[in-house]
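Going by this note's numbering, the first residue of the sequence shown is number 4, and it counts up by one from there.
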Amino acid sequence: MPSAVPNSTPTPATNAGLQRALAWIQAGPKRLLIGGEWVEAKSGKTFETINPATEQLLTSVAEADSADIDAAVRAARRAFEAPSWAGVSPQARSRLLFKIADLVDQHAEELAALESLDNGSPLSSSTARVGQAADIFRYYGGWPSKVHGTTNPTDASTFLYMVREPMGVCALINAWNVPLVMAVMKIAPALACGNTMLMKPAEQTPLTTLRLGELIQDAGVPPGVVNIVPGFGPTAGAAMAAHPDIDKIAFTGSTGVGKYILQASTGNLKKVTLELGGKSPNIIFPDADIDKAVEAAVNAFCRNSGQICSAGTRLFVQESLYDEITERVVRIASGYKVGSPFDPDTKLGPLISDKQMDRVLSYVDTGAADGATLRCGGGRVGDVGYFVQPTVFSGVSNGMRIAQEEIFGPVLSVLPFKDEEDAIFQGNDTQYGLAAAVWTRDVSRAHKVARALKTGRVWINTYAEVDPSMSMGGYKQSGIGREMGAESIEAYTQTKSILMRL
Ligand code: NAI
Ligand code: MG
């Protein structure tokens, strides 16, 4: 069984970064970033953000609603038209992105600690993700001078060419599960392409996005280019989705809210990209490196306590190995330490909220009621903080709710399959299509199965490895469009064809 949660007060061993994060938090209530100024909400309202490991208040944050969204859109529009941004050379935009990357690196320990305090991820994961965030800024820092148009073949009487231009004012709305990287995945390509933006972090986790806003200011990004407007979905978020002067909206979150955003965006036909839920299949063939596959399978559903859109939550095992692999997965998962994000041995920190914990635990009941066998976990750990044990169900069939619905917690369904065809069929038999993995030493099989899976990402003999050039996004109800890689450059630009009669 996972060990009991220690008193989740961070230990002194967790360093200078934590002290700096706490000092920043204690420096005072947090405000909105609009037009280059840190301001109170027009309503004067604030909301609280807590540490999900201790349930204690971290700080209060100005709460944007539609009036503040209006102000941020006006600031972003002015900045978009201003020569200080519109007239900036691609090289200068690159330098800004590289500068932000350096500032993220210089504040890496502080940002990692701040992320762990606000969303509960183990410090080791937060630290790795701050490094990724800097890398994403550098990757997109290389793009501004390479966003080319085309010259098109015509007869001698015309000149036809296409230019690629920014979208304009972009609304960026994020979830709470990996706040900093998710913010950077949207801000970096939007900046690289010359857009201006307003970003709403999730109400549970505003802090690292606000701190990033300060670093973006320090790097010298002109006022109004990046605005940060924390607030709630139905007020601030809905105002962004419906705003008539926003050109593009990029959203990460639940499929339900994604559909709402798509509908709300029809008012002025915003360009929309959506990164939504998943129920990703992780398929182990008998010829795989089983030791590696089993270790990775546990990590695939426990990482970030399962609060990852591409978590490997359906483990498909060829039936000859089903019992053995299930046994091994249960053994490893039961040994994963659940506890303080600041304890270096911790594998699973808390879930983000009591609401999320209750939701996850209710799926444990659903699994049992539908006839699956609970093999380990299934309960809360301790009574302070939203900690849930790694939970494994065997005897699951793919039609059960625990195999079809996104749980967003450390809950795994292990399912048997007969052969390649059956693995592909069951793997694809879901409304989602975000990610998948296949484990085999047979090269042809690996590529055949990878091609047959209807998901935006497929890993072969690994899980969840990322690269800034690797796009992500959803087939089916996992989303619309792609983020990362060259595809984000397309998502944050539009083309204009120009024909001249000579
Ligand atoms: P959510 O989809 O409600 O929240 C995500 C973001 O959308 C937040 O910034 C929120 O303020 C905003 N939002 C909410 N309602 C909105 C509206 N009407 N208009 C505009 N913006 C709005 O997700 P929630 O409630 O935090 O989590 C519920 C479930 O959603 C999770 O259990 C999980 O299954 C799924 N989820 C999936 C994510 C993914 O990356 N695939 C991320 C977060 C949640
Ligand atoms: Mg929080």
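We put the beta carbon where it would ideally sit given N, CA and C, even for glycine.
- With fewer than 16 other Cβ atoms from the protein chains shown falling within 10 Å of its own Cβ, residue 29 counts as exposed.
- Between the beta-carbon of residue 227 and that of residue 39 there is about 6 Å, and that keeps the pair under the 8 Å contact cut.
- Contact annotation: residue 308 and residue 352 have beta-carbon atoms nearer than 8 Å.
- For ligand 1, a non-hydrogen atom lies closer than 7 Å to the CB of residue 279.
- Non-local beta-carbon contacts of residue 193 in its own chain, meaning distances under 6 Å to residues more than five positions away in sequence, involve 173, 200, 495 in chain order.
- Each residue's CA atom was taken as its position, placing residue 106 and residue 357 some 34 Å apart.
- For residue 97, the number of other beta carbons within 10 angstroms of its own is at least 16, and it is reported as buried.
- For residue 167, the CB contacts under 6 Å within the same chain, skipping 5 residues up- and downstream, are 150, 152, 496, 498 in chain order.
- Judged by beta-carbon spacing, residue 212 lies within the 8 Å limit of residue 186, meaning their Cβ atoms are closer than that value.
- Counting C-beta pairs closer than 8 Å gives three or more between the stretch 46-59 and the stretch 382-392, which meets the contact rule.
- Excluding five sequence positions before and after residue 433, the CB atoms of its chain that fall closer than 7 Å to its own CB belong to 282, 407, given in chain order.
- Residue 497 is bridged by DSSP to 168.
- Taken through DSSP and simplified to helix, strand or coil, residue 490 comes out as helix.
- By DSSP's assignment, residue 419 forms a beta bridge with 320.
- With a 10 Å radius around the Cβ and a threshold of 16 neighbouring Cβ atoms, residue 501 comes out exposed.
- According to the DSSP secondary-structure assignment, residue 295 is paired through a beta bridge with no residue.
- As a beta-bridge residue in DSSP terms, residue 59 pairs with 54.
- The three-state reading of DSSP puts residue 345 in coil, since its state is none of H, G, I, E or B.
- Taking C-alpha positions only, residue 157 is separated from residue 164 by approximately 10 Å.
- By the criterion of at least three beta-carbon pairs nearer than 8 Å, the stretch 417-433 is in contact with the stretch 448-463.
- Contact check for residue 52 and residue 266: beta-carbon distance about 29 Å, past the 8 Å limit, so the pair fails to qualify.
- In the same chain as residue 101, and ignoring 5 residues on each side of it, the C-beta atoms closer than 8 Å to its own belong to 140, 141, 144, in chain order.
- Residue pairing from DSSP places residue 397 in a beta bridge opposite 376.
- In this structure, residue 380 keeps its C-beta atom at 8 Å or more from the C-beta atom of residue 363.
- Shown here, residue 304 sits in a helix according to DSSP, grouped into three states.
- With contacts defined as CB atoms closer than 8 Å, residue 44 and residue 67 qualify as a contacting pair.
- The C-beta distance from residue 463 to residue 316 rounds to 19 Å, too long to meet the 8 Å contact threshold.
- In this structure, residue 335 sits away from residue 256, with a CB-CB distance that is not shorter than 8 Å.
- For residue 253, the three-state secondary structure derived from DSSP is strand.
- Counting the other Cβ atoms within 10 Å of the Cβ of residue 378 gives 16 or more, which makes it buried.
- In this structure, the CA atom of residue 62 is about 11 Å from the CA atom of residue 120.
- Leaving aside the five residues that flank residue 370 on each side, the residues in its chain whose CB is nearer than 6 Å to its CB run, in chain order, 396, 405.
- The C-beta of residue 189 has 16 or more other C-beta atoms within 10 Å across all chains shown, which makes the residue buried.
- For the pair residue 223 and residue 444, the Cα-to-Cα distance works out to about 50 Å.
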